[in-house]
Every structure is written in C-alpha cells, then in structure tokens.
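Read through the structure below, which is laid out as structure tokens, and then see the notes.
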Amino acid sequence: MGEMYRTVPAVVAPAANRILPPPAAPAADPASDRSVGMEGIRRLLDTARDAGLAAGRFRGLLHIAIGRTVSDGAGAVLSRGLTWREAAAVLKELRYDRELVREFGADPDSLSPRDRERFWYSAIALARVDSAEASAQADLLTPLLRPHGFVVAPSATAPRVTKPAPRPPEPPAEKPKRKKK
Numbered sequence: 198m199g200e201m202y203r204t205v206p207a208v209v210a211p212a213a214n215r216i217l218p219p220p221a222a223p224a225a226d227p228a229s230d231r232s233v234g235m236e237g238i239r240r241l242l243d244t245a246r247d248a249g250l251a252a253g254r255f256r257g258l259l260h261i262a263i264g265r266t267v268s269d270g271a272g273a274v275l276s277r278g279l280t281w282r283e284a285a286a287v288l289k290e291l292r293y294d295r296e297l298v299r300e301f302g303a304d305p306d307s308l309s310p311r312d313r314e315r316f317w318y319s320a321i322a323l324a325r326v327d328s329a330e331a332s333a334q335a336d337l338l339t340p341l342l343r344p345h346g347f348v349v350a351p352s353a354t355a356p357r358v359t360k361p362a363p364r365p366p367e368p369p370a371e372k373p374k375r376k377k378k
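Just so you know, this note's numbering puts the end of the sequence shown at 378, numbered straight through with nothing missing.
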C-alpha cells in the first residue's frame, strides 16, 4: 500500500541535536514495473499478428511471451515473461484468432467456447510451450522480430540431454566372513 510517515512537523527533541526527516522515497525501477512488462508484451503480440508472424509459428510466439526476456532496440527490458494466466488475458484482449491453436493439434471447438480467457489458458497448456519444438520455433522467430524493434534473449532452459548419463561405479564386492570356531 505504501509507506506511512508521521503527519506532525519535525521538531527538535529535548537533548537531541538533530532533526530526523522522513526517509526518501525509493526510486521507481521501470524494469520491475509490471505494467511496463504487460504493455511491452502486448506490443510484441500485436506487432507479430499484424506482421503475419504468428501464423505458422504460434507455439514459438507463446514460448517467447511466457519464457523469454524481450527488450526493445535500445536495450530497455519490455518483459521478463508472463504467467500463463497473464498471457491468456492478453491474447483475449488482443482478440487473437482462435484457429491458431490448430497448429499444435488442438481443436478450437473442443476448448471452452464461452470464456475466451479459459480458452487461451487451455490452449497454452496444450501447446507445451516448454518443449524443444516450442524453443526451436522461438529461435526461428527471433530474427524475424528484430526488424520490428524487439530483441529476444536466448532460452534460459538447460540443454536437453541427448545421451544417458554415465552410471556411477559399483562398490567392490564384500569378502565372505569367516566362521568363528
């Protein structure tokens, strides 16, 4: 809610040699302001749709919106990623085409037809935005967004393991114990 300060004027207390002013207000950090991030990702999704970049790459676009840091050309952070619920709300607000969910095998008629936000939330869940395919689509989409003024950071996920990890060595076999006589 905010910080609370005394409303009485500062006075010199008896036996004190200084006046204590209220502490200075902390400086606002625009990178941590949630409205800046939402507006930035809203611009990204709107630009991608208007430029025709969403069709055929929708899973990658969702991966970028949810899991990557997006900056503008000057380096100012626009978004550090959204939650699924926030992404669903933005897609509903921008009135994205429901038919885009067919790209990852979802049927738009089977998803919640009345509630658009629930529709998009379900679609995001079915898109598997954390998969290797989504990350690969996002990597292909990244250079296409650069001319529109968006710089997308590389994925922060750990690389996929292609071969199994080596097994730890087995402890040496125990020697049989001797019987007491």
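Don't be surprised by glycine CBs; every beta carbon is placed ideally from N, CA and C.
Query: When DSSP labels each residue in this structure, what does LEU342 get in the three-state scheme?; Result: helix
Query: Classify LEU242 as helix, strand or coil using the three-state DSSP reduction.; Result: helix
Query: With the cut-off set at 8 Å, would you say ARG265 and GLY278 are in Cβ contact?; Result: yes
Query: Is the stretch 294–305 touching the stretch 320–340, taking contact as three or more C-beta pairs under 8 Å?; Result: yes
Query: Applying the criterion that 16 or more other CB atoms from any shown protein chain within 10 Å of the CB defines a buried residue, is ARG299 buried or exposed?; Result: exposed
Query: Could you confirm whether any beta carbon from chain B is found closer than 8 Å to the beta carbon of ARG265?; Result: The question asks about chain B, but that chain is absent: this structure has only one protein chain.
Query: CA-CA distance, PHE255 and GLY270?; Result: 23 Å
Query: Can you look up ASP269 in the DSSP assignment and give me helix, strand or coil?; Result: strand
Query: Once the 5 residues before and after PRO365 are set aside, which same chain residues still bring their CB inside 7 Å of it?; Result: none
Query: Going by the DSSP bridge assignment, what does PHE316 pair with across the sheet?; Result: For PHE316, which the question treats as bridged, DSSP gives no partner whatsoever.
Query: Hey, out of HIS345, ARG311, GLU367, SER352, whose CA is closest to LEU403's CA?; Result: Since the first residue of the chain shown is 198 and the last is 378, residue 403 is not available in this structure.
Query: Quick check for students: name the residue ranges of the alpha helix (DSSP H) that lie wholly in the stretch 282–338, counting only runs of 4 or more.; Result: 313–324
Query: Could you give the residue range of the alpha helix (DSSP H) that holds LEU258?; Result: 255–264
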